[in-house]
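**Student:**
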């Protein structure tokens, strides 16, 4: 059995660092920073670390129903989702993830677009 991206880069500890870097950038983003104005960031970062871990072979799993419920009221647009992907890509690269593995993670995130994006494309 092959090594997962999760295992390859050091598991939860590394994913946690990546998520912290991502949220530092997201909070500074003119496009998506406002989503986090009144959010319990330590709790969100914990959930996001578990979510990213689940996508790359870690021990946690999130159902699509749960993702849909959590994001339903946020009115996330395709543009917001794209910005999130751009920032996540940067955070992954900054932490030494190889381009092919960054692409893999982004592909896994992209597979959740229809669940997370709730705003009309117009």
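Numbering (this note's numbering), first residue to last: 1 to 122. Every residue gets a Cβ at the ideal spot worked out from N, C-alpha and C, and that includes glycine.
#1: Measuring alpha carbon to alpha carbon, tell me which of 91, 31, 39 ends up nearest residue 82.
#2: Using the Cβ count rule (16 or more neighbours within 10 Å means buried), how would you classify residue 114?
#3: Run the CB neighbour count on residue 117, radius 10 Å, all protein chains shown included, and call it buried at 16 or more, exposed below.
#4: Does the Cβ of residue 10 have 16 or more other Cβ atoms within 10 Å, making it buried, or fewer, making it exposed?
#5: Among 70, 100, 27, 98, which one has its Cα closest to the Cα of residue 51?
#6: Could you check the C-alpha separation between residue 55 and residue 89 for me, to the nearest Å?
#7: Where do the ends of the alpha helix (DSSP H) carrying residue 76 lie?
#8: Going by the CB atoms, is the gap between residue 87 and residue 29 shorter than 8 Å?
**Tutor:** The answer reads as follows:
#1: 31
#2: exposed
#3: buried
#4: exposed
#5: 70
#6: 14 Å
#7: Neither: residue 76 is in no alpha helix (DSSP H) and is coded neither H nor E.
#8: yes
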